[in-house]
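When we follow our numbering, the leftmost residue of the sequence shown carries the number -12, and every step to the right adds one.
So the structure is just underneath, and the comments pick up after that.
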Amino acid sequence: MDLKDELKAIAKEQGITFKELAAKAGLNETGLHDKFKRGSLTVKDLSTLLAVLGLKIAFVKKQG
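Encoded structure:
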């Protein structure tokens, strides 16, 4: 599962559509789709999307 699909699944679990997620993050749905298609999603974009979902980016040291 890629990042876009993962975000869609999390949003669906929380009862919101991808379009609503984009809007709540202050992004246009089409523009967000384009960012994924071009591979130009920024860390700031991802952080904003995750915040809407009640999540955050975390760096975790690999075990082993």
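No residue lacks a Cβ here, since even glycine has one placed at the ideal position from N, Cα and C.
Going by DSSP, what residue range makes up the alpha helix (DSSP H) through residue i?
i, result
"LYS31", "30 to 39"
"ALA10", "5 to 11"
"ALA(-2)", "-10 to 0"
"LEU19", "16 to 25"
May I ask whether a heavy atom of the ligand COA can be found less than 6 Å away from the beta carbon of residue i?
i, result
"PHE23", "The model depicted lacks the ligand COA and carries no ligand whatsoever."
Using a 10 Å radius around the Cβ and a threshold of 16 neighbouring Cβ atoms, would you call residue i buried or exposed?
i, result
"VAL39", "buried"
"LEU(-6)", "buried"
"LEU(-10)", "exposed"
"LEU42", "exposed"
I believe residue i touches residue j by the beta-carbon criterion, under 8 Å. Please report the beta-carbon distance rounded to the nearest angstrom.
i, j, result
"ALA(-2)", "LEU8", "5 Å"
So, for residue i: in the same chain, excluding its five sequence neighbours on each side, which residues have a beta-carbon less than 8 Å away from its beta-carbon?
i, result
"VAL30", "ILE44"
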